[in-house]
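> First, the structure itself, so that you have it in front of you.
Numbering (the working numbering), first residue to last: 19 to 210.
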């Protein structure tokens, strides 16, 4: 059992080879055959293709900016222009991204298909405490505001852009906020 607060100062940042953006890796878990799952934030500065990730399911969420269109996910471009609205697609899909009106920042969850189940929720918090179940891996990303979190006797005050990673904790987490914080709540579990 472990808990970890990940701040932006701890992100692992890498520039894209095509020069079109930057990826900040927040956290990930690997096994003997590679990546099981990864959370990252991308800063997309120009139009261009998405990297291909075979056998990976992806969920992308707009955090900042006017949005972008994804070409290749269906007969028509998929417009991603509503902040904090998840969109799921297969990582091996040949996708071209076209920015709507300048640079964007987006949140990405990648999981190895067939190895894990992921449940992702986006919601606003209030002073009323929300009690949420934990999984083998639970991750809470604060998209805006400040979040108070309690796991058993452990208490955390999470600032905007902070991530709380809970590994092999049991029971539940209690979340609340005095300023209507918005969070991305992810539960990951191994397929049986």
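Ideal placement from N, C-alpha and C gives every residue a C-beta, glycine not left out.
Suppose only complete runs of 3+ residues qualify. What are the beta strand (DSSP E) ranges in the region 20 to 49, listed by chain order?
Qualifying beta strand (DSSP E) stretches, in chain order: 20 to 24, 30 to 33, 39 to 49.
> With DSSP as the reference, please indicate the residues paired to residue 183 in a beta bridge.
In DSSP, residue 183 forms a bridge with 22, 157.
> Report the option in 23, 194, 59, 107 whose CA atom is closest to the CA atom of residue 150.
Per the Cα distances, 194.
> Would you mind sorting residue 56 into buried or exposed? The rule is 16 or more other CB atoms within 10 Å of its CB.
Flag for residue 56 reads buried.
> Only counting runs of 3 or more residues, tell me where the beta strand (DSSP E) segments fall wholly within the region 89 to 173, in order along the chain.
Counting whole runs of 3 or more residues, the region 89 to 173 contains the beta strand (DSSP E) stretches 96 to 98, 105 to 108, 114 to 117, 122 to 130, 134 to 142, 148 to 151, 155 to 162, 165 to 169.
> Once you ignore the five residues that flank residue 174 on each side, which residues in its own chain have a CB closer than 7 Å to its CB?
Around residue 174: 23, 167, 182.
> Does the separation of the CB atoms of residue 46 and residue 40 fall below 8 Å?
No; because the gap between Cβ atoms is not below 8 Å, this pair is not in contact.
> Using 10 angstroms around the beta-carbon of residue 60, count the other beta-carbons present and answer buried if the total reaches 16, otherwise exposed.
The residue in question, residue 60, is buried, as its Cβ has 16 or more Cβ neighbours within 10 Å.
> Beta strand (DSSP E) containing residue 61: first to last residue?
That run of the beta strand (DSSP E) goes 52 to 62.
> Can you tell me which of the three DSSP states residue 84 falls into?
Coil at residue 84, not helix or strand.
> Please classify residue 177: does DSSP put it in a helix, a strand, or coil?
Coil, per DSSP.
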